[in-house]
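Sequential numbering of the sequence shown, starting at 1, is according to UniProt numbering. Here's the structure, in structure tokens; my notes come after.
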Amino acid sequence: MKPDIQHLDDIKILVDKFYDRIQRDELLGPIFNGIIQNRWPEHLEKMYRFWQTVLLEEHTYYGSPFPPHAKMPINKTHFDHWIGLFSKTVDELYEGEKAEKAKWQGERMASMFQFKIAYYQENNFKPLT
Ligand code: HEM
Ligand code: HEM
């Protein structure tokens with residue numbers, strides 16, 4: 001039986017392991033590394049706060065999740081792959097209610113991003129927040 005996600009430290013372990021995998025991934029690695037470059041420490045800090053807000057209901061993330069993704073060259077293939085890697089990482093480390101919630105929220109966010117990016121691309125890059 002694995003533990004569930006309970007504390008900020010559990011989130012840090014999850015986020016570190018996920019983005020380590022992302023950075024070495026053939027499909028997603030070049031996209032993330034190309035945009036983030038030497039700002040990984042800052043990106044990881046942001047993602048700790050994002051998941052802390054979503055899963056532990058401790059409101060430490062105050063950004064807008066979507067806008068940075070609006071013009072990225074990504075589609076269903078990328079999002080399916082993102083979800084696969086994220087769910088696999090959650091399952092390797094944790095199980096329980098929060099672990100399920102993490103996967104569910106990841107999937108919802110991915111569908112929402114995908115829908116908005118497709119709209120954005122179809123409407124000739126008119127801004128959509
Ligand atoms: C994974 C968890 C989350 C999911 C599934 C989610 C889902 C959504 C959905 C469905 C919308 C409406 C999108 C639209 O109108 O096109 C939205 C908008 C938004 N969300 Fe979230 N959200 C999540 C986490 C967060 C967090 C943690 C924050 C910040 C603390 C946040 C900030 C926002 C902002 C700023 C908007 C835009 C509002 C607007 O411009 O209309 N979201 N989100
Ligand atoms: C293939 C899909 C995805 C790609 C390629 C991607 C890529 C990126 C990159 C490169 C950044 C850094 C932007 C910058 O600082 O310049 C970023 C930020 C972020 N991503 Fe993603 N992402 C993807 C999917 C997701 C999903 C599904 C979620 C939510 C569960 C998410 C949540 C976030 C958040 C919260 C930020 C920080 C936004 C901010 O406050 O600045 N991303 N993403």
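Backbone N, C-alpha and C fix where the C-beta goes; we use that ideal spot for every residue, glycine too.
Collapsed DSSP secondary structure at residue i in the structure displayed
i: Y94; result: coil
i: N33; result: helix
i: G84; result: helix
i: Q23; result: helix
i: I74; result: coil
i: D4; result: coil
i: L14; result: helix
i: F66; result: coil
Beta-carbon proximity list for residue i, same chain, < 7 Å, skipping 5 on both sides
i: D4; result: Y94, E95, G96, E97, K98 and A99
i: I83; result: G106, E107 and A110
i: K101; result: L55
i: K69; result: Residue identity differs from the one stated: residue 69 is His in this sequence, not Lys. For H69, where only same-chain residues beyond five positions count, the Cβ hits under 7 Å are F113 and I117.
Beta-carbon contacts of residue i that lie in its chain and below 6 Å, excluding the five residues immediately before and after
i: K103; result: S87 and V90
i: P65; result: none
i: F50; result: Y61
For residue i, the nearest candidate out of the options (CA to CA)
i: L85; options: I35, K12 and F18; result: F18
i: L44; options: E57, L56 and Y61; result: Y61
i: I11; options: T53, A70 and D25; result: T53
i: N38; options: K2, Y48 and Q23; result: Q23
i: Y48; options: D16, G29 and F115; result: D16
Other residues of its chain near residue i: CB distance less than 8 Å, five sequence neighbours each side excluded
i: I31; result: M72, P73, I74 and H78
Practice item. Mind listing, in chain order, the continuous alpha helix (DSSP H) runs of no fewer than 4 residues lying wholly within the stretch 39-63? Key: 40-55
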